[in-house]
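Chains as they are written, first to last, in the numbering used here: chain A, 21 to 504; chain B, 21 to 504; chain C, 21 to 504; chain D, 12 to 125; chain E, 12 to 125; chain F, 12 to 125.
Note that the Cβ used here is the ideal one computed from N, Cα and C, for glycine as well.
Bear in mind the structure is a predicted one, so any value in this text is a computation, not a measurement.
Comments concern the structure below.
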Ligand SMILES: Nc1ncnc2c1ncn2[C@@H]1O[C@H](COP(=O)(O)OP(=O)(O)O)[C@@H](O)[C@H]1O
Ligand SMILES: Nc1ncnc2c1ncn2[C@@H]1O[C@H](COP(=O)(O)OP(=O)(O)O)[C@@H](O)[C@H]1O
Ligand SMILES: Nc1ncnc2c1ncn2[C@@H]1O[C@H](COP(=O)(O)OP(=O)(O)O)[C@@H](O)[C@H]1O
């Protein structure tokens, strides 16, 4: 019996593009798990490491279920209420619907982008998965703002709501062909949709939920810098998929985006290092400072990665790193930034860095950086973006970038605030103080470095004891304090 | 001098498929090293972490040598004794032979599948390597059942034998075009060949080798949850290569398999989390519970990844997670499951989860999930699998799945048992109790977190001492116990 | 509005090759961050882990900036001073120049290789990035020789100089079409340019900078073997990109190189394990020994990966592992090897292993291992390399390999020496002893496992104190010593 | 000269240090240890296995003091652990005699060395 | 009132705890320390470098007790370490006087506070 | 019989051990602890937040000794910490009485058990 199969359709399919899209998506997935999980797990106090990591694993899972059942189509499907922008169909949010059937094996499609980009060379599943890993990393990022006091149960409820209401809309407006896409604002791979949004959401959430225990704020040393470096390294290289995957084709712009990502990151890391050397109170370069600089570089180039040239990438890295460094040291001492307890400072390294990068696209975008080359149609021209410095001094792109940023900030802030308040009516957003004293042990009965003296219940005639109530385990929680 | 070279043959080759196959294989390799090595290294007691990791690194190496010298062809070469199933040539085991020569650069080929799938688009080396990483991870998985007492020397002997006798045959029967492939049983990427087999082998090996020291069973706390999370995250995302690489083409089904893998995993993780919340004795969600759920999801979708649709993936994740959770809490208390000391519970998260997923293919396989589209030949139809719920209520596929599972269980159990018994005639399978008291220090002279007070011999006129005999190092071994 | 874009040029571009090149480069990037950073971070004493990792992150960044601004073109651009070798244009160093503009999106090109290999199927950005990750890992490797005493500031100055002067020239001579390439010496992916060079540079630098504190040499226990395993695993699998990416095409030779890489590594790991078992003073297999063997295998196959067949790969792994094992145990006791304090032994596992592999190419290269198949031109023949055992007993290739090796050793040693001496005129290369007593805390105000008792300044009315001068923190530095 | 030893909860360390400093006794050693008692004991759960931690982390504070300061110091230390945590394990304070004390830096002996 | 201090092997902790509890002395502190002696010493090997651990992990047990219980407790503690490990380092037990003990929870002093 | 307790810097451990061994007193226990004093205190910086470590790691050395060896041992221990580090925290040595010592291995009591 000789059968006649082919591996994939012979038209509208490129195994190279498909391979790259899946690879890029996997790299982005690795940025979340284990990347962010262990970066944050190492950065928090020992008493919160398990809680932090479990929040990361759970949120990643929750977002996927939501994404598959309804939210993917809210971000990338047909507009729910059709509007028109510049004569093209547009909208603010996609129509919810499942993305589960066998039809996902058909050619990928973002309805509002039909004809505005080359037709996809892979299946809808690949597009779905690539966009999922972006949707998933966003709440993991702003988890950094609320760890150390947020109720785990509330987190499980809020993440699905946030993805549905906040993330989908931001994504639709900029990537799904919605309003700001129609207006010409651009976000190469998430400086706004992901990072500005995460910074905003984290800050609002931290404000609504309230600060950590005073004790925890005063003893906020990280617990393991080797794991911070592990997570940070995965973030950096994983970002090759983050920015390299966003043209949706393994074309020249993908490679350029990868290079720019790395250049901006290197520049930002070094600027932070030098500023720490020259301007910090202790005048010493630090690993965690370098990692901060690295994140700033990665974030700030994200909205710009395939639009600027290498020189632009260096400028973005340098400028944003200097801005965020200053904000980190100075802005954090004043005004609401002083009051709101954003645990890991997401509002700086993601919010401000993402905003800065998005705006700088309006200045540094180089029209010779070709995202998609021109086709054969007569008069066809390539797709690229033009910033002030390359475009006859036109501020147009800058204003579009600014307005889009304001929309993202506003929508995210309001959405996050409302979701938290509403959920807060039904359950406590914050753990009780007694539980906060203890941390992981009270919430999960686990410690990140379990003592090797623990004895199985029942073994050695150990008398039965009641499960650890917060009260009881309170004392154990401070075990961190008892190590030299 | 201008020469005329081309990068690869212009027919029968696709750089996209080759890129994906190598990438997928690398992801699967990463699941073993460092993935499983550090997941297990973090999950075991501190005193066994080095031993566990060295066993993982060694087994990975041993399997490759065996694979190259003879075993690859036993799994994927010409049948040793030719039989016929449904009119097609078949067999139970391939003919051993090396896979080392320059001929490996030719187009890939699995003899018994000729004409049953599209011709490969890459070289035999790529196929060899992809199948190697699967062969290698299998003993690493069931290592989880025997750590904490198995002799390292015996491990070095048993792994090559096991790969040769047990793994090759299982692989040949289902993937090499052997008996069960001919019968129509399917295993998308190793629910049976890898996970059911690993669960079975681990359980049998644990029974034959005997339990850990009572002391170790009673003090079985893990040592580092940050590393568990590191390994777990790599496992999850690495699984994109595990299941995404198995269609051998970067086609639509690869992407669908990746999506399904993630969906089932997310569902299974959340189900385990919720069951821990609702039904566990302490009513708390735990990180290690979530990781268990995650593994169950990954394993259970493995035999089904490209055959079911997204809804099916959710169902598989939910059903298997509920089953395995129950087995983990209840089955483990009774019968031989209570008696056999399967250190990390491989029989549950891999054995039962793999079996469950394989059987559910018989119910949930959706014929519209196209693994290979139809070619141009007249009457040509696509390749897919049809389960009970989609196929006019036919149980056919289910029975095939069941019989194949029973074959794998039987062959693996018997093979593992015989190998262990025979090797046991020549060397001790189990370390002496004195060595077990100490762990890593006695076996390898290393500790996972070496004390910083150690002094080089000869330095500072330290008097010479004899190498650590088990007796002597026994005391040091308990150093774990002396940390708060 | 319907626009007409295409994803990439339809000629001279393959999305599959581009996908593989970016993926391979990302894997190599991961080998540096987090791979080497945490491998070294875990291998050093606790007091140096932060410093080590920050040096790795900084060097990675510095190399990229240098690479983009001028050094890439020194390694792969037009020759600065044109010479002729065997009638073809050649040279010793490329002409410096930036690689930053939009022109990087054009088809990749290495001027001196025009016509000597198939035209690239991707953009210059992809080539640039792939070569960057190689340039970046090299100083990270020889960082292993100088940690534990080198001034961080001097490191920041030396790395850019070293990349510019030493690395670029080595790369140009062998890979950029320069002198030794013209002579027919080959280095598949960096046995010489990277590893032999790193081993040499590290050894020279260690000699110039001087040894660590006697105290540190006598208490040189690593701090965390779980992280060593994490880094080691990433190295191994990342090497699939290292060697698999070097043919620049996702062709059959890439897959063969991946397979050979793994085979040689497995063989070398097992040989080291067995030699430890049989010949080491304590007769025990060790994890860190296995990792050494693994690195030897990876390094030694690097210059040979796509030129030898599988049997050759086994031979290279076995021979080099035996040689390096012997050197590690015996050579280290004599002559300058005894005197120079090469902290992590880079001269053995990289220098000797790289040299050995490069020379063995001259013996084991199999002309049937086709790097590039023949094109259609009449008389066209494939590109491959022929070693003694396959080439009518011709030692030609061996001599070329040897002379190229001597050139790399000489240039690297002299270049490194001069750079260090010159920089040493302007700044101290070595930290003061007081700082060395303390380590990380004195240099960076950070510890790798920060104590959880630290209190924020200002909190709890803690009286203000001066920043930690080396003197003061000296005591704290020894905290390692105070843990059981 | 006496040695006062107190077993306290880790979370009381700062209060203790501040109280001692305020009293004029900045010198002390703090030793992490595990304390077994009738009261303290909690559970941890790893992979569904329930494990008991029946030794819990405490800190041992040792302070050398002159005889006349003893009553005050004991009172001070005994007071700290009490209020909010009443009801379960709250520690012990004990006193033992010391025959000689030497300050290494100066070589001073006896009471001036404390 | 006395303080009994014993240096034991980590693996004897459970036996010790159970013996003390059975005797009616559940209160104790357990301090991990490193012990140097004539006997204990082992080698570790990292990357072929042989290192000596000449301080090995032990536990220090401190128990406050009334004078009349001392002989029994000493006997009990001294017995535990002995049988199976005879021949090498097996620990020390020593007794020192305590002048005062305070139970923080109640403020009780002296013998009732033990 | 006395117990000599010394608080030393971790970097002086080896010198101390060697000095004690040379004196003929190989037995000792070494307990890591944190020491608070007027002097020692350093800063650490994590993500631009400045944190104080006002307890620094020290080692506590306990040596049981016969009465006649006490002066020599105290002198020996008090000397070690001094020279190079003069000026800041250099430790304490103190002596307390011990009523009884038992060598577990043999059951010997009193001075021979030391
Ligand atoms: N009253 C005390 N009780 C216990 N230990 C003390 C006391 N005073 C000092 N120490 C210990 O002795 C060490 C030296 O004391 P410190 O006051 O810092 O220096 P110095 O006495 O030389 O001025 C400290 O690290 C501390 O551990
Ligand atoms: N006999 C004892 N010897 C040494 N330490 C003791 C003794 N009894 C109690 N302790 C210590 O004092 C602490 C409080 O004792 P516990 O019996 O739990 O509470 P309480 O005395 O308040 O009822 C314990 O954590 C233990 O460390
Ligand atoms: N002089 C001493 N001071 C304090 N502790 C001691 C002394 N001598 C021995 N020890 C402790 O007692 C334990 C047993 O002592 P050791 O000399 O090794 O064995 P043994 O006395 O049985 O020959 C040692 O581990 C050490 O901790």
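Q: Examine the Cβ distances between the segment 251 to 271 of chain B and the segment 365 to 384 of chain B and report whether three or more of them are shorter than 8 angstroms.
A: The segment 251 to 271 of chain B is not in contact with the segment 365 to 384 of chain B.
Q) How many angstroms separate the CA atom of residue 123 of chain C from the CA atom of residue 245 of chain A? A) Translated into the one-based positions of the third chain, residue 123 of chain C becomes position 103. Translated into the one-based positions of the first chain, residue 245 of chain A becomes position 225. Note on geometry: alpha-carbon atoms of residue 123 of chain C and residue 245 of chain A lie some 40 angstroms from one another.
Q | Cross-chain neighbours of residue 309 of chain A in chain F, by beta carbon under 8 angstroms | A | In the first chain, residue 309 of chain A corresponds to position 289, counting from 1. Near residue 309 of chain A (Cβ distances below 8 angstroms), the residues of chain F are 58 and 59.
Q. Can you list the residues of chain F that residue 348 of chain A reaches, using a CB-CB cut of under 9 angstroms?
A. The residue given as residue 348 of chain A occupies position 328 in the first chain. Simply 58 and 59.
Q. Name the chain C residues that come within less than 8 angstroms of residue 54 of chain E, Cβ to Cβ?
A. Position 43 of the fifth chain, counting from 1, holds the residue named residue 54 of chain E. The contacting residues are 302.
Q | Closer than 7 angstroms: residue 18 of chain E CB and nearest ligand 3 heavy atom | A | Locating residue 18 of chain E in the fifth chain gives position 7, where the first residue counts as 1. Under cutoff, so the answer is yes.
Q.
If contacts are defined as beta-carbon pairs under 8 angstroms, then residue 370 of chain C and residue 63 of chain C qualify, I think. What distance do you get, rounded to the angstrom?
A. Counted from its first residue, the third chain places residue 370 of chain C at position 350. Counted from its first residue, the third chain places residue 63 of chain C at position 43. Beta-carbon to beta-carbon, residue 370 of chain C and residue 63 of chain C are separated by about 14 angstroms, too far to satisfy the 8 angstroms threshold.
**Q.** Partner residues on chain B for residue 14 of chain D, Cβ-Cβ distance less than 9 angstroms
**A.** Position 3 of the fourth chain, counting from 1, holds the residue named residue 14 of chain D. Chain B residues near residue 14 of chain D: none, gap ~22 angstroms exceeds 9 angstroms.
Q: Compare the Cα-Cα distances from residue 144 of chain C to each of A/434, A/291 and A/274 and report the closest residue.
A: Residue 144 of chain C sits at position 124 when you count from the first residue of the third chain. The residue with the shortest Cα to Cα distance from residue 144 of chain C is A/274.
Q | One or two residues paired with residue 46 of chain D in a DSSP bridge | A | On the fourth chain, position 35 is the one that residue 46 of chain D refers to. D/67 and E/40, per the DSSP bridge assignment.
(Q) Short of 7 angstroms Cβ to Cβ, which residues in the segment 59 to 78 of chain F face chain A? (A) 59, 60, 61, 62 and 68
Q) Can you tell which of A/100, A/356, A/278 and A/45 has its C-alpha closest to the C-alpha of residue 223 of chain A? A) As a working note, residue 223 of chain A is residue 203 in the first chain. Considering only alpha carbons, the answer is A/356.
Q) Should residue 414 of chain B go down as buried or exposed, given a rule of 16 or more other Cβ atoms within 10 Å for buried? A) For this step, residue 414 of chain B is matched to residue 394 along the second chain. Exposed, by the Cβ-count rule.
Q: State yes or no: is the beta carbon of residue 104 of chain F nearer than 8 angstroms to at least one beta carbon in chain D?
A: As a working note, residue 104 of chain F is residue 93 in the sixth chain. Yes, contact with chain D.
Q: May I ask whether a heavy atom of ligand 5 can be found less than 7 angstroms away from the beta carbon of residue 39 of chain E?
A: As far as ligands go, the structure on display features ligand 1, ligand 2 and ligand 3 and does not contain ligand 5.
Q) Applying a beta-carbon distance threshold of less than 7 angstroms, which residues of chain B neighbour residue 65 of chain C? A) Here residue 65 of chain C refers to the residue found at position 45 of the third chain. Those within 7 angstroms of residue 65 of chain C in chain B are 472.
Q: Return the first residue and the last residue of the alpha helix (DSSP H) that residue 90 of chain F is part of.
A: Within the sixth chain, numbered from 1, the residue matching residue 90 of chain F stands at position 79. Element bounds for residue 90 of chain F: 81 to 91.
Q.
Considering only their Cβ atoms, is the gap separating residue 240 of chain C from residue 450 of chain C smaller than 8 angstroms?
A. As a first step, residue 450 of chain C is located in the third chain; it is residue number 430 there, counting from the start. As a first step, residue 240 of chain C is located in the third chain; it is residue number 220 there, counting from the start. No, the pair does not count as a contact, with Cβ atoms beyond the cut-off.
Q. Tell me the DSSP bridge mates of residue 113 of chain E?
A. Sequence index remark: in the fifth chain, residue 113 of chain E carries index 102 (1-based). Residue 113 of chain E is bridged to D/104 and E/120.
Q) For residue 336 of chain C, which residues of its own chain have a beta-carbon under 7 angstroms away from its beta-carbon, when the five flanking residues on both sides are left out? A) To locate residue 336 of chain C, count along the third chain from 1; it is residue 316. So the list reads 284, 320, 321, 324, 328, 377, 380 and 384, once near-sequence residues are dropped.
Q) Does residue 61 of chain C come within less than 8 angstroms of chain A when only Cβ atoms are used? A) Here residue 61 of chain C is taken as the residue at index 41 of the third chain, counted from 1. Closer than 8 angstroms: yes.
Q) In three-state terms, what does DSSP make of residue 505 of chain A? A) Since the first residue of chain A shown is 21 and the last is 504, residue 505 of chain A is not available in this structure.
Q: Please name the residue, chosen from B/29, B/40, B/74 and B/59, that lies closest to residue 459 of chain B on a Cα-to-Cα basis.
A: As a first step, residue 459 of chain B is located in the second chain; it is residue number 439 there, counting from the start. The shortest C-alpha separation from residue 459 of chain B is found at B/74.
Q) Quick one: does residue 236 of chain B have its CB under 8 angstroms from some CB of chain E? A) As a position in the second chain, residue 236 of chain B is number 216, starting the count at 1. So no, residue 236 of chain B is outside the interface.
Q) Using a Cβ-Cβ cut-off of 8 angstroms (strictly less than) and excluding sequence neighbours within five positions of residue 138 of chain C, which residues of its own chain qualify? A) For the purposes of this step, residue 138 of chain C is taken as the residue at position 118 of the third chain. Cβ-Cβ distances below 8 angstroms link residue 138 of chain C to 269, 392 and 395 in the same chain, with the five nearest sequence neighbours on each side left out; the list follows chain order.
Q. Are the beta-carbon atoms belonging to residue 146 of chain A and residue 50 of chain A less than 8 angstroms from one another?
A. As a position in the first chain, residue 146 of chain A is number 126, starting the count at 1. As a position in the first chain, residue 50 of chain A is number 30, starting the count at 1. No, the Cβ-Cβ distance between residue 146 of chain A and residue 50 of chain A is not below 8 angstroms.
Q: Give a yes or no on whether the minimum CB-CB distance between residue 47 of chain E and chain I is below 8 angstroms.
A: Structure shown: chain I not included; protein chains present are A, B, C, D, E and F.
(Q) Using 8 angstroms as the threshold, is the C-beta distance between residue 66 of chain E and residue 41 of chain F below it? (A) Taking the fifth chain and counting its residues from 1, the one referred to as residue 66 of chain E is at position 55. Taking the sixth chain and counting its residues from 1, the one referred to as residue 41 of chain F is at position 30. A contact, by the Cβ cut-off of 8 angstroms.
Q: Answer with buried or exposed for residue 446 of chain C, where buried requires no fewer than 16 other C-beta atoms within 10 angstroms of its C-beta.
A: The residue you call residue 446 of chain C lines up with position 426 of the third chain. Exposed, since its Cβ has fewer than 16 Cβ neighbours within 10 Å.
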